[in-house]
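Okay, so here's the structure we're looking at.
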Amino acid sequence: MSENPSVRAVAEQFFASESIESAVLNNGRAVVTINSEENSSEVVEDLKKQLLKIPDVRKANVVFTSSRQNASDNHWQIRGVKKIIAVASGKGGVGKSTTAVNIALALSRLNYTVALFDADIYGPSVPTMLGYEDMELTSYDGKTFEPFEIQNIQTMSIGTLIGRDTPLIWRAPKACGALQQLLADVNWHNVDVMVIDMPPGTGDIQITLSQQVRLNGAVIVSTPQDIALIDAVKGVNMFKAVSVPILGIVENMSYHICKNCGHKEHIFGNNGAYDTAQKMDIDFLGGIPLELAIRFHADNGTPIVVDEPDSDSAKAYMAISQKIADKLF
Ligand SMILES: Nc1ncnc2c1ncn2[C@@H]1O[C@H](COP(=O)(O)OP(=O)(O)OP(=O)(O)O)[C@@H](O)[C@H]1O
Ligand SMILES: [Mg+2]
369 MSENPSVRAV AEQFFASESI ESAVLNNGRA VVTINSEENS SEVVEDLKKQ LLKIPDVRKA
429 NVVFTSSRQN ASDNHWQIRG VKKIIAVASG KGGVGKSTTA VNIALALSRL NYTVALFDAD
489 IYGPSVPTML GYEDMELTSY DGKTFEPFEI QNIQTMSIGT LIGRDTPLIW RAPKACGALQ
549 QLLADVNWHN VDVMVIDMPP GTGDIQITLS QQVRLNGAVI VSTPQDIALI DAVKGVNMFK
609 AVSVPILGIV ENMSYHICKN CGHKEHIFGN NGAYDTAQKM DIDFLGGIPL ELAIRFHADN
669 GTPIVVDEPD SDSAKAYMAI SQKIADKLF
């Protein structure tokens, strides 16, 4: 049996490349061996279907080498937090943090008690977007921290530990250890829903974090370009693989409205995320326009949902958040 690039490429759409031990083709039979703690039958079936589309493949097998079939016992609950959702994207820079911050604020406006946790060890940006980057951490007992209370939400960022200008390349175990420690060391107060701004990508850190924390759902953010959508599909498959329900896809920078004539222009293409959602049988939660005010408010610590609540963009975030709330509660 020999490694087969086509088999591997298909497997990589479903699992992180590090976890694929082998992807071989022999006499028309594709066999993919995966070292992962968790597997969901849905993903395995999807993967098999895709493998069977490769010319020369007549049979497909997916084998898990991990001894533990289901790591759900391993999940831990965060004290003071009822529900947890992740905002994620396969690709970086698609507006994940902007979306996470505005969704968190929108959920708060819908009268839920909300926490926003910034888990982006590569580039924590929530402190800037909520204007708490220069605030001191408070601890009453010298062991645990109080969350920052900004705009009626509780928030904490991995950036408060590592500093804003020190991007860190951590190996997964260390990064996850630090995130887990910080999540546990904050005194979250009666939180209905915690929104986690995930690091970009679908690597070990994302997978491990999703396995450790009991996630009630994932929101995938993508821009309409094909290149971002390919990564969004990977993101969806990653969460499916660890049995996290997909709440849906948000299309960011969906369209631009000309300030002068009001014309709606689909700069990055039309309906991309909607079509992808349909194909993957997941919900399309809505589109957010590409708008200067969104960036301006995010950069200045006053997200558009609170600063211009009557704007169309704020309304779009509210509508998306209502859909999320309806799925969670
Ligand atoms: N809908 C939008 N309209 C205009 N600007 C936007 C919009 N969404 C995001 N931006 C801007 O695009 C940039 C990237 O957004 P953001 O930081 O939210 O992306 P990200 O996916 O979290 O990036 P990273 O992968 O680096 O964490 C920011 O400057 C942000 O203000
Ligand atoms: Mg970000």
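Per this note's numbering, the sequence shown starts with residue 369, numbered consecutively. Heads up, the beta-carbon is just placed ideally off N, CA and C, and yes, glycines get one too.
Discussion item. Can you tell me which residues form a DSSP beta bridge with E619?
Written reply: Paired residues: S590, G655.
Discussion item. Do L484 and V469 count as a contact pair if the criterion is CB distance below 8 Å?
Written reply: Taking C-beta atoms as the reference points, V469 and L484 count as a pair closer than 8 Å.
Worksheet entry | Three-state class that DSSP yields for E503 in the structure shown | Reading off the sequence shown, one finds Met at residue 503, where the question assumed Glu. Coil at M503, not helix or strand.
Worksheet item: What span of residues does the beta strand (DSSP E) with T401 cover, start to end?
Response: Residue range 397-402 is occupied by the beta strand (DSSP E) that includes T401.
Worksheet item: Secondary structure at V392, three-state DSSP: helix, strand or coil?
Response: If DSSP states are grouped into helix, strand and coil, V392 belongs with the strands.
Item to complete: Go through its chain and collect everything with a Cβ distance to I564's Cβ below 6 Å, but skip five positions before and after it.
Response: Taken in chain order, the residues that qualify are A454, F485, A487.
Worksheet item: On the premise that S457 lies in contact with P568, defined as a C-beta separation below 8 Å, what is that separation, rounded to the nearest angstrom?
Response: Indeed, because the Cβ distance is near 6 Å, the residues count as touching under 8 Å.
Worksheet item: Among K511, M562, V559, N520, which one has its Cα closest to the Cα of Q549?
Response: With distances taken between Cα atoms, Q549 lies closest to K511.
Fill in: Option nearest N429 by Cα separation, candidates W444, I402, D680, I452
Residue I402 is the option with its Cα nearest to N429.
Item to complete: Collect the residues with a C-beta less than 7 Å away from any heavy atom of ligand 2 and give them in sequence order along the chain.
Response: That query returns the following residues: K464, S465, D488, G491, S493, D565, P568.
Worksheet item: Between the C-alpha atoms of E676 and E659, what's the straight-line distance to the nearest angstrom?
Response: Roughly 13 Å separates the two Cα atoms.
Discussion item. Less than 7 Å separating the Cβ of N620 from some heavy atom of ligand 1?
Written reply: Flag set: Cβ of N620 near ligand 1.
Fill in: Extent of the continuous beta strand (DSSP E) to which E676 belongs
Where E676 is concerned, there is no enclosing beta strand (DSSP E), given that its DSSP letter is neither H nor E.
Worksheet item: So what does D565 bridge to, in DSSP terms?
Response: In the DSSP assignment, D565 forms a beta bridge with V455, D486.
Worksheet item: Between which two residues does the beta strand (DSSP E) harbouring N429 extend?
Response: Unbroken beta strand (DSSP E) run through N429: 427-432.
Discussion item. DSSP has E380 in a bridge; who is on the other side?
Written reply: Its beta-bridge partners do not exist; DSSP assigns none.
Discussion item. Considering Cα atoms alone, identify which of I575, V449, V494, M503 is closest to S385.
Written reply: Of the listed residues, the one whose Cα sits closest to S385 is I575.
Item to complete: Check whether the Cβ of D486 sits closer than 7 Å to any heavy atom of ligand 1, and report yes or no.
Response: Every heavy atom of ligand 1 is 7 Å or more from the Cβ of D486, so no.
Worksheet item: Cα separation between K312 and M566?
Response: The structure shown has nothing for residue 312, since the chain only spans 369 to 697.
Discussion item. Looking only at its chain, what residues have a beta carbon closer than 6 Å to the beta carbon of V378, apart from the 5 residues adjacent to it on each side?
Written reply: Cβ contact annotation for V378 (same chain, cutoff 6 Å, sequence separation greater than five): Q418, L419, in chain order.
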